[in-house]
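Position one of the sequence shown corresponds to residue -6 (my numbering), numbered consecutively onward.
Glycine included, each C-beta is placed from N, C-alpha and C at the ideal position.
As the structure is a computational prediction, the values presented were derived from the model and not from experiment.
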Amino acid sequence: MRYLTVLVHPVESGSFHPLGETLSNASEIEREAIHHVEHLADDTVLLFAEGSGDRDRYEDIMRDSPHVVDYFVSGVDRWMAVSQFEPTDATRCLLERQRESNVVIETPIYFTADGSLRITYLGSDAAFRELFRDSVEETAIAFDVVETGDYNPDEAALTRQLTTRQREVLEVAVEIGYYSAPRQSTLDDVANVVGIATSTEGEHLRKVEESVFGAFVR
């Protein structure tokens, strides 16, 4: 089995859904991750998602939205929300294509800073090609490939957020004690082992740290 991690976003500026755009524009809240999404038989979407920030503001948006059928929120500063809402044509088509395809989604799905969705699909290369070809042809949605490879069920989902090069750099840094306390090596040491410039090494580790720490505080 293979995995394919992509960033999914509308071809043109904007959001997948008017409700999502309103939530993204609310500075008081942060959309963290989607843990389950399902297109129901009555043509509504059921979403189990995670958020943080001003829960009251989130509930105000959900209560006032003409697209929301029902919702429930649990938690305070960091909360989980179950919502049922009406899909757009693009959302409906994307969910239907995924359901009819021979791929599955590894959850959670993460929101990125620019509003894209970071999704990891599991399946075969042929199934990936079929899903994305049909989806791109019938919706105004773009897929930017982040990474693909053989799927290892024992590998943490967090690790798959890193590129192959980033994982290599991180492994070397850990092995030679860059993250030990007290620190046993420098960026120069790590760069020498990997065989890249120190500035490039530092950039790789900053991106690794951003991904890892960002996942922990979601």
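| Query | Result |
| --- | --- |
| Cβ-based neighbour list, F65, same chain, cut-off 6 Å, excluding 5 preceding and 5 following | V75 |
| As assigned by DSSP and simplified to three states, the class of G108 | coil |
| Beta-bridge partners of D137, as assigned by DSSP | L0 |
| DSSP three-state assignment for I54, whether helix, strand or coil | helix |
| S45, DSSP secondary structure in three states | strand |
| Near the ligand HEM: S117 beta-carbon under 7 Å from a heavy atom | Looking for the ligand HEM in the displayed structure turns up nothing, as the structure carries no ligands at all. |
| Cβ-Cβ separation, N145 to A120 (assumed contact under 8 Å), whole Å | With 8 Å as the limit, A120 and N145 do not qualify as a contact, their Cβ atoms being about 18 Å apart. |
| C-alpha distance - A135 paired with P175, whole-angstrom precision | 45 Å |
| Residues near S8 by beta carbon distance below 8 Å, same chain, minus five either side | E14, S17 and G108 |
| Check whether L12 and V61 have beta carbons under 8 Å apart | yes |
| For R90, the three-state DSSP class (helix, strand or coil) | helix |
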